[in-house]
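Residue numbering for the sequence shown follows the working numbering, beginning at -5 and increasing consecutively. Yeah, the Cβ is synthetic: ideal placement off N, Cα and C, and Gly gets one too. Predicted model, so just to flag it, every value in this text is computed and none were measured. Have a look at the structure below before the remarks.
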Amino acid sequence: MNPSYKLAWTMLILSVPVFGAVIYLIFGKSRLASETQKKFDNEVKKTDVVLKEKKDVRENLNELDYHMDNQSKYIRDYAGFPVYQNTETEYFRIGEELYKSLIQELERAEHFIFMEYFIIDKGMMWESVLEILVRKVAEGVDVRLIYDDMGCVNTLPAQFYKQLQAKGIKCAAFNPFRPIVSVIMNNRDHRKITVIDGHTSFTGGINLADEYINRKKRFGHWKDTGVMLKGEAVRNFTVMFIQMWNVITGMEDKLENYMPHVYHKEPFRGEGFVQPYADTPLDDEIVGENVYINAITKAKRYVYIFTPYLIIDNEMMTALCLAAKNGVDVRIVTPGIPDKKMVFLLTQSYYAQLLEAGVKIYEYQPGFIHAKSFVCDDELAIVGTINMDYRSLYLHFECAVWMYRTKAVMQLKKDVFETIEVSTRITEEFCRERNIVIRGLQNLLRLFAPLL
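Encoded structure:
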């Protein structure tokens, strides 16, 4: 458990003993039950057979850039997912673009559709997806859906999975929420994954709800990002889904039946190297944070970041500041209109130290930016579900895609500059001019940052 996380809980319990203890029992434990952890461990062992890395792919990456090869090896060794070539990447700068492609690809499904999402909410986006899923079931397509029960507690009725099962959709809820009975609600499935026929996949920050495609206005314009993969690297997302599915349902699928070439006999094409990976709270390796820190510390010219939350520990703060002090152009874009006001105040509390080190910070004026994306040196991009906060980095099930020299890299860079054009650059004066009440509240929030 992260030391800051322990300290924050200790302070809360000492400040308000009874309330703090109760809240800790519900939300404080950072690990799932040991039985569930054993199930995940068993599933990971079973999937090793289909996650064998190709020797020539590794050699090709090493010859191009051994620093990037080392970053990729870290993901392979500590997340368990290999790197691939022969994979096309398409970057989406807003949810509407991803949604359009998602609908098109779902319509093309012939064999199976796997979907795993943190939030589903009734509305145009979900209803249009559901209509296709029901129709595909009638066509004989194997359709499966995992949703996080806590993430959907305010958007879906209890036991929603039964409604979908009645329609022929195989559905399971992660960590079902049962008031009073539920004890550990801290670990959530924050991933957003769609896999179609083993050769096409989507991920990013976009859930199945109308605000993500700006059909519903909540916090101004909602900016989110995502990526579509076609090719060999989709294998990793398929494995992630089946691991989770088997743990929740107790089923045992033969992974070989869902691999990329089963339903796509032609060779795949695509430039660069692509490595989807998962991060879980089931071990002490903070893969999500370490991949980000690797990207920051190895950057030579620039690191540009989209993040909705900036609640970072000393390791991340040091990496960002040191990169800027070493002459790397470090830019971070955060929301102009927040979804959570207290969390946004906490995010802003980190600005002063970053600005002093030379980091450039921008707030997206049209509204809320929910994207979790990195781009570095015209070569590396990371797009996924991993926020720069304690919950994503330490407590949730997450996923992302590491991409080196693919089309998506320059697409993301272009999007960063277009986004900065409609954003306000934050100055050191802005931080100094905050009134004493705001600064005091921010200092208080910093004490409990790991809990927010």
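Asked, Found
"How about Gly162 and His193: are their beta carbons less than 8 angstroms apart?", "no"
"If we ignore side chains and look at the alpha-carbon of each, how far apart do Tyr93 and Met119 end up?", "8 angstroms"
"Taking 6 angstroms as the limit between beta carbons, can you name the residues of its chain near Asp247, skipping five residues before and five after?", "Ile236"
"Could you tell me whether any Cβ in chain C is nearer than 8 angstroms to the Cβ of Thr194?", "Protein chain content of the structure displayed is limited to a single chain, and chain C is not contained in it."
"How would you call Ser28, buried or exposed, if buried means at least 16 neighbouring beta carbons within 10 angstroms?", "exposed"
"Measure the C-alpha to C-alpha separation of Asn320 and Cys146 and round it to an integer number of angstroms.", "43 angstroms"
"Leaving aside the five residues before and after Asp35 along the sequence, list all residues of the same chain whose C-beta is less than 7 angstroms from its C-beta, in chain order.", "none"
"State the Cα-Cα distance for the pair Val175 and Arg185, rounded to the nearest angstrom.", "In this prediction, Val175 has a pLDDT of 38, which is less than 50 and means its spatial position is unreliable; what the coordinates show is noted afterwards. C-alpha separation (whole angstroms): 25 angstroms."
"Hey, could you find the ends of the alpha helix (DSSP H) Tyr286 is sitting in?", "281 to 292"
"Measure the beta-carbon distance from Gly361 to Gly198 and round it to whole angstroms, keeping in mind my assumption that it falls under 8 angstroms.", "Not confirmed; about 17 angstroms, so no contact."
"Do Met397 and Thr83 have their beta-carbon atoms positioned less than 8 angstroms apart in this structure?", "yes"
"Determine the extent of the alpha helix (DSSP H) in which Leu202 is found, giving its start and end residues.", "Counting along the chain, Leu202 falls outside any alpha helix (DSSP H), and DSSP gives it neither H nor E."
"Sort Ile326, Tyr252, Phe267 by Cα distance to Val137 and report the nearest one.", "Tyr252"
"At the level of alpha carbons, what is the spacing between Leu127 and Asp372?", "38 angstroms"
"Starting from the Cα of Leu389, find the closest Cα among Glu415, Asp278, Cys425 and give me that residue.", "Asp278"
"Would you please state the rounded distance, in angstroms, between the beta carbons of Tyr358 and Val297? I believe it to be under 8 angstroms.", "With 8 angstroms as the limit, Tyr358 and Val297 do not qualify as a contact, their Cβ atoms being about 18 angstroms apart."
"For Val177, which three-state DSSP category applies?", "Below a pLDDT of 50, predicted positions are generally treated as unreliable, and Val177, at 41, falls in that range; no measurement from the model is reported."
"Quick check: Asp191 and Asp115, are their CB atoms within less than 8 angstroms of each other?", "no"
"Should Val241 and Glu110 be called a contact, given that it needs their Cβ atoms to be closer than 8 angstroms?", "no"
"Going along the chain, which unbroken runs of the alpha helix (DSSP H) with 4 or more residues stay wholly within the stretch 363 to 418?", "401 to 415"
"Cβ atoms of Ile287 and Phe472: under 8 angstroms apart, would you say?", "No answer is possible for residue 472: the residues shown for the chain start at -5 and end at 446."
"Which whole-angstrom value is the C-beta distance of Lys210 and Gly282, which I expect to be below 8 angstroms?", "Actually they are not in contact, since the Cβ atoms of Lys210 and Gly282 sit about 29 angstroms apart, beyond 8 angstroms."
"In whole angstroms, give me the CA-to-CA distance for Thr274 and Lys354.", "31 angstroms"
"Return the chain-ordered list of same chain residues with a C-beta closer than 6 angstroms to the C-beta of Asp142, the five sequence neighbours on each side being excluded.", "Phe112, Phe168, Arg182, Asp183"
"Run through DSSP, which three-state label would Ile20 get?", "For Ile20, the predicted structure reports a pLDDT of 49, less than 50, and the residue's modelled location is therefore unreliable. The matter cannot be settled from this model."
"Span of the alpha helix (DSSP H) holding Arg433?", "430 to 441"
"Note down, in chain order, each residue of its chain lying with its Cβ closer than 7 angstroms to the Cβ of Val403, except the 5 sequence neighbours on either side.", "Val369, Asp372, Glu373, Leu374, Ala375, Met397"
"Would you check if there are 3 or more beta carbon pairs closer than 8 angstroms linking the stretch 254 to 272 to the stretch 71 to 87?", "yes"
"Hey, could you find the ends of the beta strand (DSSP E) Asp323 is sitting in?", "323 to 329"
"Is it the case that the Cβ atoms of Gly220 and Ile207 are separated by a distance below 8 angstroms?", "no"
"Can you tell me which residues form a DSSP beta bridge with Ile140?", "Glu110, Ala166"
"To the nearest angstrom, how far is it from the Cα of Lys48 to the Cα of His61?", "19 angstroms"
"Provide the residue(s) that pair with Lys354 in DSSP beta bridges, ordered along the chain.", "Arg325"
"Quick one: Cα of Phe411 to Cα of Gln342, how far?", "22 angstroms"
"Between which two residues does the beta strand (DSSP E) harbouring Gln269 extend?", "267 to 273"
"From the DSSP output, in three-state form, read off Asp277 for me.", "coil"
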